[in-house]
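Single-structure report; data block below.
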Amino acid sequence: MQITGLIASALLLLVEADTILAKAVIHLSDFHTRRDLEQDMKRGASSMLRRAPQEQDQSDNSLLGVTSSPSELNETIAKACIDALEPLTGVENDGGLTSCFNILQFDEDAHTFEADLRLYQAFEPRGSFANISVNDIMISLQFPSKTMFQSLTKKKRDLESRQSNVGMLEIQQYTLFGFLAEDLDLKKLNDTQIMSLMLPDIKLNTAESQRAVSANITAGDGAWFVIGEFSRDFNPSLVTAAAAADAISIAVPYKLPGVTLGIFPTGLIITGAWTFIFFLAYGFGTLGRIKYRDAYRKRMAASMGRTGAKL
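FYI, in mature numbering (1 follows the signal peptide of the UniProt record, and there is no 0) the residues of the sequence shown are -17 to -1, 1 to 294.
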């Protein structure tokens, strides 16, 4: 009974220890993964910003050559955005805002890209945004699960300092640096699938004293990939969230299940613990059977001796 109780207690302790250790190692692994991704993003951003001027071809993408000055680059992007947004006759969001999103640089080998995002006041706000100042509007970006980003620069135009008679007013400008997960094999993807991984979901947010106000900028509310990388290749019916999910499933390498120990060293620790429990239980059982056999032989020998039978 004491041996059985000892084994049961040991099993319970080991099971609890395995669970706690697994959770701790998983959280630690997630922490290191996030930290490594952030460090990779910072290194990629620094290398992209420090990239030396290089000769480019004379295609549409060369409009954003690194030899251009920042002011010329800004004017080029602004003109392309205005030209692409002018045909709009309305937007779905109540804020009356439209957006222009472009990829300035894309490094397939490093899985990094630099993007330019601009918001314009194209139409009069209505509905829940009717009495909200443009300066009080914030945006939130959400990329696909395998895409991380950080904002390198942000410019917010002062509403009072702008001309009120201009039809398309730029109110916010962001320079974004993005990082595609290293486990994605981008060579398996076409341009449409890669664009799907880079395209953000833009949400407008603001807060009133009584209630929160929000709206989304849909694909029809903006201009996308009009200059720079993938210029003029955007198709809103093809570059979607569903396309991004399909791209991730295609680009992530297949891992045959059951051939590894899982997250190292968690899998090894758990497997080793259960192996130790098995041998411990098997060893105690074997020892008990040996003792029972010896006791049985002694009882039989004593019984044969009392009866006078020949052993």
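Just so you know, even glycine gets a beta-carbon here, dropped at the ideal spot from N, CA and C.
Predicted model only: the values in this text are computed from it and were never measured.
Separation of Ser286 and Gly271 (C-alpha to C-alpha, rounded to the nearest whole angstrom) is 22 Å. Per the coordinates, the alpha-carbon of Leu187 lies some 19 Å from the alpha-carbon of Ala98. A Cβ-Cβ separation of about 4 Å places Pro183 in contact with Leu124 under the 8 Å criterion. Per DSSP, Ser82 is not a residue of any alpha helix (DSSP H); the beta strand (DSSP E) it occupies stretches across Leu80 to Asp90.
With at least 16 other beta carbons inside 10 angstroms of its own, Tyr157 counts as buried.
For the options Ser128, Ile60 and Thr175, the alpha carbon positioned closest to that of Gly161 is the one of Ser128.
Judged by DSSP in its simplified three-state form, Val196 adopts strand.
Of Ile252, Gln133, Met178 and Trp207, the smallest CA-CA separation from Phe89 is found for Met178. Secondary structure of Ser134 (DSSP, three-state): strand.
Counting along the chain, the unbroken beta strand (DSSP E) around Asp99 starts and ends at Thr95 to Gln104. Measuring C-alpha to C-alpha distances from Ala164 to each of Ala225, Ser52 and Ile231 identifies Ile231 as the nearest. Under the three-pair Cβ rule at 8 Å, the stretch 62 to 71 counts as touching the stretch 207 to 216. Contact holds between the stretch 77 to 84 and the stretch 99 to 107, because three or more Cβ pairs, one in each stretch, are under 8 Å apart. In the displayed model, Tyr157 falls within a strand according to three-state DSSP. Within 10 angstroms of the beta-carbon of Met181 lie 16 or more other beta-carbons, which makes it buried.
Where Leu56 is concerned, the enclosing alpha helix (DSSP H) starts and stops at Pro53 to Leu68.
Taking C-beta atoms under 8 Å as the contact rule, Glu153 and Ala61 qualify, at a distance of about 7 Å.
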